[in-house]
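Basically our numbering = 1-based index in the sequence shown + 12. In this text, a Cβ means the ideal position worked out from N, Cα and C, and glycines have one as well. So the structure is just underneath, and the comments pick up after that.
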Amino acid sequence: MPIEPGKTPFQVDLRLHLRERDEDRDLTRVICELATASRYIIHSIRTGELGVAGTSNLYGESQLKLDVLADRIIRKRMLHTGVIAAIASEEREEIQVVDPDGKFSVAFDPLDGSSLVDVNLAVGTIVGIYKGNDVFKPGREMVAALYILYGPRCTLVYSTGHGTHEFAMNALMEYTLVQENIQMAEKANIYAPGGIRNQYSPAVEAFVSHLEERGSKLRYSGGFVPDINQILIKGQGVFLYPHLRNMPRGKLRMLYELNPMAFLVEQAGGAASNGHQPILDIELEGIDHCEPVFIGSKADVAKVEGLIKTLDS
């Protein structure tokens with residue numbers, strides 16, 4: 013959507029942006045309700061309790077009170093839309109069937125990186141949206157993906173398959189356009205490496221050495237949302253949480269984390285791979301399916317794929 017002459021980006025709000033791109037009205041409703049949910053989540057982060065909730069998610073990880081609250085907030089807003097078929101959350105063991113005939117299903121990580129809140133680092137919400145009542149589809153079948161970053165500014169980045177666009181929350185807690193059609197450069201001068209380096213395979217070690225020799229700077233926050241946001245907004249970079257010797261399937265979850273982020277990065281001209289194939293083409297094996305990931309500038313993702321084929325086979 014080109015910005016009208018004489019109209020600044022900050023005069024284009026999220027709902028208007030979706031409407032002017034002629035997006036489905038019900039999909040627009042879902043995305044805007046997620047934006048509304050973020051108002052309550054950012055307030056909870058700033059003012060709420062940081063302690064443990066005394067419960068665990070389906071992966072056996074202790075839930076923080078903020079995890080549970082963020083999950084409840086998003087779930088309530090999704091039910092409010094009246095168009096949701098099913099809800100999958102990283103904080104719940106079961107997929108909630110709302111209406112088998114509903115128009116869309118959502119899969120989300122309500123507060124990714126929540127363990128960073130107590131040290132005041134940025135965290136975020138990650139969401140993938142699918143047609144119908146099935147979230148167990150390859151990520152390429154998503155109709156939309158977004159993340160919301162709760163940092164010094166609260167920003168929302170979304171795609172409905174027509175480019176990737178950034179919005180920022182203003183003083184009225186409304187999201188207004190910052191930039192549309194984000195584009196990534198082919199090569200990275202920053203990289204964010206997850207995992208312990210002495211557990212890297214020969215190919216991953218060679219890839220990181222290649223980036224260092226080229227002068228790429230290490231920029232890793234420990235949070236998936238802020239690290240992907242840095243790569244997207246700077247227009248180049250690569251994030252990796254690879255296959256490790258002690259964790260060959262990686263750590264990050266396809267349904268809640270990798271698929272939505274891969275969708276957003278591909279729509280910005282980047283790439284996302286498990287080292288062998290695009291993340292978005294992988295068939296989900298279950299709710300807890302994890303994969304290694306290399307995501308960001310396209311040439312660098314291709315480089316690591318080549319190294320894995322040569323050195324790790």
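Expressed to the nearest angstrom, what Euclidean distance is found between the alpha-carbon atoms of residue i and residue j?
i, j, result
"L276", "G60", "30 Å"
"D239", "M196", "14 Å"
"V131", "E102", "22 Å"
"E186", "D25", "7 Å"
"S126", "I53", "12 Å"
"E35", "Q211", "45 Å"
"L91", "E225", "51 Å"
"D300", "N201", "32 Å"
"G262", "P304", "4 Å"
"L319", "C302", "21 Å"
"E217", "V135", "28 Å"
"G151", "L267", "8 Å"
"L158", "V237", "10 Å"
"G247", "I194", "7 Å"
"P17", "Q23", "Because the pLDDT at P17 is just 46, under 50, the model does not fix this residue reliably, and the value given afterwards should be weighed accordingly. If you take the alpha carbons of P17 and Q23, they lie about 12 Å apart."
"I96", "I294", "24 Å"
"R37", "D79", "29 Å"
"K315", "K229", "17 Å"
"L264", "T188", "30 Å"
"R231", "L252", "11 Å"
"R139", "S221", "Sequence inspection shows Val at residue 139; the Arg mentioned does not correspond to that position. Each residue's alpha carbon lies about 33 Å from the other."
"L290", "E153", "The question names Leu, yet the displayed sequence has Pro at residue 290. Roughly 13 Å separates the two Cα atoms."
"N258", "G206", "14 Å"
"I107", "G298", "11 Å"
"V190", "P260", "39 Å"
"G114", "I208", "43 Å"
"R87", "A49", "9 Å"
"P254", "P164", "29 Å"
"D83", "R58", "16 Å"
"A183", "N241", "21 Å"
Which residues does DSSP pair with residue i in a beta bridge?
i, result
"G140", "A119 and A157"
"D25", "T188"
"M181", "Y187"
"F306", "L252 and S285"
"A204", "F251"
"L168", "I160 and F179"
"P290", "S285"
"M259", "L256"
Residue i by DSSP, collapsed to three states: which one?
i, result
"M266", "helix"
"M273", "helix"
"I240", "helix"
"G222", "First, the residue type needs correcting, since residue 222 is His and not Gly in the sequence shown. The answer is helix: DSSP assigns H222 an H, G or I state."
"K229", "strand"
"V135", "strand"
"G18", "For G18, the pLDDT reaches just 46, beneath the cut-off of 50, and the residue's location in the model is therefore unreliable, although a value from the coordinates is still provided. Coil at G18, not helix or strand."
List the whole-angstrom C-beta distance separating residue i from residue j, where the pair is believed to meet the contact cut-off of C-beta under 8 Å.
i, j, result
"A284", "L296", "Contact flag wrong, Cβ pair sits at about 15 Å."
"V147", "G173", "Contact flag wrong, Cβ pair sits at about 17 Å."
"V118", "I85", "Incorrect: roughly 13 Å between the Cβ atoms, too far for contact."
"L168", "G234", "Contact doesn't hold; Cβ gap of about 21 Å is too wide."
"M273", "I307", "6 Å"
"D312", "P214", "Not a contact, Cβ separation roughly 18 Å."
"S56", "L81", "5 Å"
"I160", "T137", "4 Å"
"E45", "R89", "4 Å"
"Y203", "V250", "5 Å"
"F116", "V42", "6 Å"
"E192", "K310", "Contact flag wrong, Cβ pair sits at about 20 Å."
Is residue i close to chain B? Criterion is C-beta to C-beta, closer than 8 Å.
i, result
"G136", "This model lacks chain B altogether, as it is built from one protein chain only."
| field | Complete runs of the alpha helix (DSSP H) confined to the segment 50-126 [at least 4 residues] | value | 77-93
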